[in-house]
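If you read the sequence shown in our numbering, its first letter stands for residue 8, the second for the next number, and so on. We put the CB at the ideal spot given by N, CA and C, even for glycine. Note that the structure is predicted; figures quoted are calculated from it, not measured. See below for the structure under consideration.
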Amino acid sequence: MDKLKIIITREEITKKIDELATEIRRDYRGKNPLLIGVLKGSFVFLSDLVRAMNIPAEIDFVRLASYGAGTESSGKIKLVQGLKTSIKGRHVLVVEDIVDGGLTVNFLLDYVKRRKPASLKLCTLFDKPSRRKVEVPIDYRGFTIPDAFVVGYGLDLDEKFRYLPDLCTLEE
Ligand code: IMP
Ligand code: MG
């Protein structure tokens, strides 16, 4: 049986998102930014963030796959579903749930950059810097967390636990 332990509560997450949204709103007001969420994990964060921002913005999603089954990254990133929206000349904000090794988001930043946006920034709710394999430029960061596998608030383990409102660690 997996034992779940709450490490960041829904209230703490909400408060942090309000702070991030205030900063992002200030930086993007009048720019109609394009927010790109990375499926599936970031759908919960993106939906809370965009409402907390409360300025006109467009939303699109990409689906990338790096993790196979289990908790270790395969290191190989695949674009499973690309963008429907044109990026050229847009102010793009990539919205990630978590940056771990960094390979996934680096792949996406390259993908966006090649399509010539007017600007490109990265927002992640959770950051696990101790696990970084490549350098990642994070413009908006929610929480720095220790090196543990976490679930909840959109994050899964083999598609389980995404629905949990708090961020939890799994203990065996
Ligand atoms: P990276 O390429 O190692 O940075 O992997 C990033 C992706 O792996 C994230 O977008 C998540 O989907 C997934 N991931 C990394 N760490 C965790 C975790 O602790 N729990 C759940 N998913 C994770
Ligand atoms: Mg993800």
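Assuming residue i and residue j are in contact, meaning their beta carbons sit under 8 Å apart, how far apart are those beta carbons, in whole angstroms?
i      : j      : result
LEU164 : GLY48  : Not really, about 11 Å apart at Cβ, beyond 8 Å.
LYS95  : LYS123 : 5 Å
Check the DSSP bridge columns for residue i and list the partner residues they point to.
i      : result
ALA72  : LYS85
GLU103 : THR131
GLY159 : LEU162
Under the rule that 16 or more other beta-carbon atoms within 10 Å means buried, what is residue i, buried or exposed?
i      : result
LEU115 : buried
ARG36  : exposed
ASP104 : buried
ALA125 : exposed
LEU127 : buried
Less than 7 Å separating the beta-carbons of residue i and residue j?
i      : j      : result
TYR118 : VAL51  : no
VAL106 : VAL112 : yes
LEU42  : ALA64  : yes
VAL158 : PHE150 : no
ARG70  : LEU46  : yes
THR131 : ILE152 : no
LYS10  : GLU142 : no
Mapping DSSP to helix, strand and coil, what is residue i?
i      : result
TYR147 : strand
GLU65  : strand
GLU166 : coil
GLU178 : strand
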